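Structure first, then comments.
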Amino acid sequence: MSTTSSSSLRQRRRADTWAAIHEAAAALVLDHGIEGTTVDAITQSAGVSPRTFFNYFRTKEDAVLGLRAPALDPTLLKGFTAEGDLLGQTSRLLLAVARSADATGDPVRRRALLRRYPHLGQRHKEYMLEAEELVRQALAGLLAADPQCSAQVPGCDAQELARMLVMIAGVPIRFALASPAYDTDSGVTPENLTSALTLFHHVQRKLS
1 MSTTSSSSLR QRRRADTWAA IHEAAAALVL DHGIEGTTVD AITQSAGVSP RTFFNYFRTK
61 EDAVLGLRAP ALDPTLLKGF TAEGDLLGQT SRLLLAVARS ADATGDPVRR RALLRRYPHL
121 GQRHKEYMLE AEELVRQALA GLLAADPQCS AQVPGCDAQE LARMLVMIAG VPIRFALASP
181 AYDTDSGVTP ENLTSALTLF HHVQRKLS
């Protein structure tokens, strides 16, 4: 078996194990409640060991919602430049990293779980803050290496600019999420994010 085939097989097995744990956790909580569901019960239902559980999920709540630590794929940074639309580039990067924490699953079930147990939403917020920090660190490095950055924003170092960019970049994303046309099953798409960014730039020009 080739190295590529072995790698693909491992990835499929990891994906299957992750899905089995998540499905077991969500189903048990819907049947027995969040307090009535333990990690031991989840592992027994999924057919894995507690050690395996914690290799995939940090907490029981993460397994219930299907959350994983956000990750920033280095390929997302290719082509990022201070000469381009910094806001648009940062918003799209932030969205991609945030989505890495939200694995595919049943959105209807997730909404039902969040309605029944609102405190689970805190875990989601914590992961979104992690995503923002990943993007901020990556941007600070990119901007520090770009001599045009300091020239365009005198008196502002790369760390400060990156932090401001990440904060502002979240506005178009939140706007798209709050739109009446927002599809909770599809989430924020590149199309509706582009529409929100267009409006943001229009408002920005009016205020300048």
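According to full-length UniProt numbering, the sequence shown is numbered sequentially starting from 1.
Just so it is clear, CB atoms sit at the ideal spot from N, CA and C, and this is done for glycine as well.
Computed from a predicted model, the values in this text were never measured in an experiment.
Which residues mark the beginning and the end of the alpha helix (DSSP H) in which residue i is found?
| i | result |
| --- | --- |
| T75 | Where T75 is concerned, there is no enclosing alpha helix (DSSP H), given that its DSSP letter is neither H nor E. |
| G141 | 121-144 |
| P118 | Neither: P118 is in no alpha helix (DSSP H) and is coded neither H nor E. |
| V166 | 158-178 |
| P50 | 50-56 |
| E61 | 60-65 |
| D40 | 39-46 |
| T194 | 190-207 |
For residue i, which residues in the same chain have their Cβ closer than 8 Å to its Cβ, ignoring the five residues on either side in sequence?
| i | result |
| --- | --- |
| P50 | V39, D40, T43 |
Around the C-beta of residue i, are 16 or more other C-beta atoms found within 10 angstroms, so that it is buried, or is it exposed?
| i | result |
| --- | --- |
| P192 | A small fix is needed here, since residue 192 is Asn in this sequence, not Pro. N192 is buried by the Cβ-count criterion. |
| L67 | buried |
| P70 | buried |
| G170 | buried |
| Q204 | exposed |
| residue 214 | The question about residue 214 has no answer, for the chain in this structure spans 1 to 208. |
| G90 | Just to set this straight, residue 90 is Thr in the shown sequence, not Gly. Classification for T90: buried. |
| T189 | exposed |
| V29 | buried |
| H32 | exposed |
| L95 | buried |
| T198 | exposed |
| A178 | exposed |
Between which residues of its own chain and residue i is the CB-CB distance below 6 Å, once the five residues before and five after are set aside?
| i | result |
| --- | --- |
| D93 | Here residue 93 is Leu; the residue named in the question, Asp, does not match the sequence. L76, V135. |
| E132 | V166 |
| A20 | A46 |
Indicate the three-state DSSP secondary structure (helix, strand or coil) for residue i in the structure shown.
| i | result |
| --- | --- |
| D102 | strand |
| I34 | coil |
| R109 | helix |
| A26 | helix |
| G88 | helix |
Which residues in the same chain have their Cβ closer than 7 Å to the Cβ of residue i, if we skip the five residues on either side of it in sequence?
| i | result |
| --- | --- |
| Y117 | I34 |
| L114 | L120, G121 |
| A196 | P172, F175, A176 |
| A138 | L72, L77 |
Segment contact, 8 Å Cβ cut-off, at least three pairs: the region 140-147 with the region 73-91: Contact holds: three or more Cβ-Cβ distances are below 8 Å.
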